[in-house]
Structure formats: structure tokens, C-alpha cells
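J.: Shown below is the structure under consideration.
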Amino acid sequence: MKKFKKVIDERQEMELYKIEHLAFWVVYWLLLGAIIIQATFMGAPFIEWAFEWFIFMIASVATLIGCYKKG
9 MKKFKKVIDE
19 RQEMELYKIE
29 HLAFWVVYWL
39 LLGAIIIQAT
49 FMGAPFIEWA
59 FEWFIFMIAS
69 VATLIGCYKK
79 G
């Protein structure tokens with residue numbers, strides 16, 4: 009079986025980074041909105057939205073660490 013190596017240029021790579029960046033922030037803010045809606049308006053107990061909070065915290069800490077490393 010022959011493996012193909014995909015080569016992308018710098019422009020294509022920057023476009024992919026922009027798409028990933030936008031997708032991350034859309035998911036980040038939608039997840040925060042879902043947590044707020046469940047906690048305040050729906051009155052759901054913490055155990056029902058704990059996993060979403062855990063994922064949100066992982067994304068937040070990873071973003072802070074990445075920003076700190078890059079300056």
C-alpha cells in the first residue's frame with residue numbers, strides 16, 4: 009500500500025489555522041452559554057452539567073497556558 013504525503017503551502021496552512029481558531033472560539037462560547045443556561049434558567053443540578061464544565065475548564069486552562077508560552 010502506497011502512502012501519499014500531502015504537502016500544503018504556507019497560505020493553505022494559515023487558512024486552516026484561521027478555520028481552527030474560529031471553530032474553537034465558537035465551540036468555547038457555545039459551551040459557556042450552555043452551562044449558563046443549564047445552571048441558571050433550567051435550574052439543573054451541577055452533576056448534570058459537570059462534564060461540560062470540566063471540558064470548558066480544560067479548554068480555558070489550555071488557552072491560558074498557550075498564551076503564556078507565546079507571550
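If you're matching positions, the sequence shown starts at 9 in the working numbering and goes up one per residue. From the three backbone atoms N, C-alpha and C, an ideal C-beta is built for every residue, glycine too.
(1) For K77, which residues from the same chain have a beta carbon less than 7 Å from its beta carbon, with the 5 sequence-adjacent residues on both sides left out?
(2) Would you kindly check if the distance between the Cβ of Y36 and the Cβ of A67 is under 7 Å?
(3) Assuming contact is defined by CB atoms lying nearer than 7 Å, are W57 and Q46 in contact in what I supplied?
(4) With A58 as the anchor, note down where its alpha helix (DSSP H) starts and where it stops.
T.: Concretely, from the data shown:
(1) none
(2) yes
(3) yes
(4) It spans 54-78 - the alpha helix (DSSP H) in which A58 sits, taken as one unbroken run.
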